[in-house]
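What follows is a set of notes on a single structure, which appears directly below.
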Amino acid sequence: MTLDRFRELADAYGGVIARWPEPDRAAALRLAAQPEAIAMLARASTLDTLLDTWTVPAPSAALRRAVAHGAPDRTRSLVWRARLWWSGIGVGAALAGALAGAAVVAMTPPVDRAPDTGTPFGVVDTQDS
């Protein structure tokens, strides 16, 4: 393992080598005794501590009101959909689908039942020619 690779791992996974990918840990532990590696782990641990203590501040009341005011009204949306359905568009679409299905069934020729001695592909002749 090189110091550049050690730095990449410390930047990506932090200052605790136990959190690093398993295949890299043994080589990292051997390199961790060098002064450059010790400094890299110290910087990564400092960043780990800062990230662990960072919290997201609660949104202000004004922001919460603005978000709530901008959200769509679900009741209006449902009422609009119901009106659209009963206005004829939804009913017309349902009737058109039913009519199309009935037309397909009516225009499909009947399927003759295969004789009991045959297969759906016809009678199989088992006699030698």
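With positions in the sequence shown counted from 1, the corresponding number in this note's numbering is that position plus 18. Where is the CB? At the ideal position from N, CA and C, for every residue including glycine. Being a predicted model, the structure only gives us computed values, none of them experimental.
Tell me where the alpha helix (DSSP H) around residue i begins and ends.
i    : result
V85  : 79-88
M58  : 53-71
M19  : Note, M19: premise wrong, no alpha helix (DSSP H); not H, not E.
R48  : 40-49
I107 : 107-125
Kindly list the residues whose CB is nearer than 6 Å to the CB of residue i, restricted to its own chain and excluding five residues on each side of it in sequence; keep chain order.
i   : result
Y31 : R37, W38
A80 : none
Is residue j closer than 8 Å to residue i when the C-beta atoms are compared?
i    : j    : result
I35  : A46  : yes
M58  : D42  : no
L65  : F24  : no
G108 : L117 : no
A28  : A51  : no
For residue i, which residues of its own chain have a beta-carbon under 8 Å away from its beta-carbon, when the five flanking residues on both sides are left out?
i   : result
A60 : G33
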